[in-house]
Amino acid sequence: MAGTLYLVPTPIGNLEDITLRALNILRSVDIVVCEDTRHTVKLLNHFEIQKPLISFFSYNQARRLPQLIEALRSGKNLAVVSDSGTPGISDPGFFLVRAAIEGSIAVISLPGPSASLTALVASGLPTDKFIFLGFLKRKPGKMKKELQEAVSLGVTVIFYESPHRIVKTISLCREIFAPETPVVLAREITKKFEEYIRGTLAEVDENLRRRSEIKGEFVVLLSPLQK
């Protein structure tokens, strides 16, 4: 009998956000599949969980995917985690889920932490309709097209950005859209220095440029265009 593939969300900053069910699943499975074993072993050690870890990321997914599916077919239960948040969102977990479904292997997703949704509900922007873009394309031309298409839908637009690129990205948004477009930046969510930067694109752009140092991963939320 085939095993089960569990999708287990992990904290995005505050370890107290892990659920009892997530801990129970991590303790019960045969293997934990993760992006970075060095990162995940710290999480497991904190909760005194010892399990075999297998890395699964963009550079080894083609080689590892058949091995993981074979393990599931042999009856082993696997838990998939990302470095933080819900696995399968902006990480290779999607490919493992799809392969498991195609192989008629049971997939169970646990609810839990998500940076995009946590930021959305605290942003003050409309939450009834939204689109999540993950990480934007790197080239300015492609990024511009991606943003224009998303904003034209008339919904809140959410994406992730690194501290090294946030100034350039917000500056590009200011060029594409009206400077008075409302935007919210969420950084260090659930951590000690959690911060929400709210304002227009012009105001937030200037706010970032005044900072001598920018740290923490960002969730960027753009308000729907007013029609």
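Under the working numbering, the first residue of the sequence shown is numbered 207, with each subsequent residue one higher.
Using N, Cα and C, we set each Cβ at its ideal position, and we do this for glycine too.
Model, not experiment: these values are computed from the prediction.
Taking 8 Å as the threshold (C-beta atoms), are residue j and residue i in contact?
i           : j           : result
residue 320 : residue 364 : no
residue 316 : residue 385 : no
residue 373 : residue 427 : no
residue 336 : residue 362 : yes
residue 239 : residue 284 : yes
residue 212 : residue 311 : no
residue 220 : residue 397 : yes
residue 413 : residue 420 : no
residue 292 : residue 330 : no
residue 422 : residue 380 : no
residue 424 : residue 352 : no
residue 290 : residue 369 : no
By DSSP, does residue i sit in helix, in strand, or in coil?
i           : result
residue 388 : strand
residue 427 : strand
residue 393 : strand
Measuring alpha carbon to alpha carbon, tell me which residue in the options is nearest residue i.
i           : options               : result
residue 241 : 336, 299 and 282      : 299
residue 255 : 415, 262 and 246      : 246
residue 296 : 284, 309 and 341      : 341
residue 209 : 249, 274 and 227      : 274
residue 356 : 268, 422, 429 and 288 : 429
residue 435 : 302, 291, 244 and 249 : Outside the displayed range of the chain (207 to 433) lies residue 435, so it cannot be described from this structure.
residue 282 : 250, 207 and 347      : 207
residue 334 : 223, 379, 375 and 360 : 360
residue 409 : 366, 218 and 387      : 387
residue 411 : 395, 401, 378 and 237 : 378
residue 237 : 225, 250 and 227      : 250
residue 345 : 332, 371, 235 and 358 : 371
residue 277 : 264, 225, 343 and 235 : 235
residue 260 : 347, 253, 287 and 348 : 287
residue 431 : 418, 417 and 406      : 406
residue 308 : 222, 375 and 279      : 279
Since residue i is in the beta strand (DSSP E), which residue starts that stretch and which ends it?
i           : result
residue 367 : 362 to 367
residue 210 : 210 to 213
residue 239 : 237 to 240
Can you give me the start and stop residues for the alpha helix (DSSP H) that residue i sits inside?
i           : result
residue 404 : Note, residue 404: premise wrong, no alpha helix (DSSP H); beta strand (DSSP E) at 401 to 406.
residue 232 : 226 to 234
residue 372 : 372 to 382
residue 349 : 346 to 357
residue 494 : Here the chain covers residues 207 to 433 and nothing more, so residue 494 does not appear.
Beta strand (DSSP E) runs wholly inside the region 257 to 343, at least 3 long, in chain order: If only uninterrupted beta strand (DSSP E) runs of at least 3 residues are considered, those enclosed by the region 257 to 343 are 259 to 261, 284 to 286, 312 to 315 and 336 to 341.
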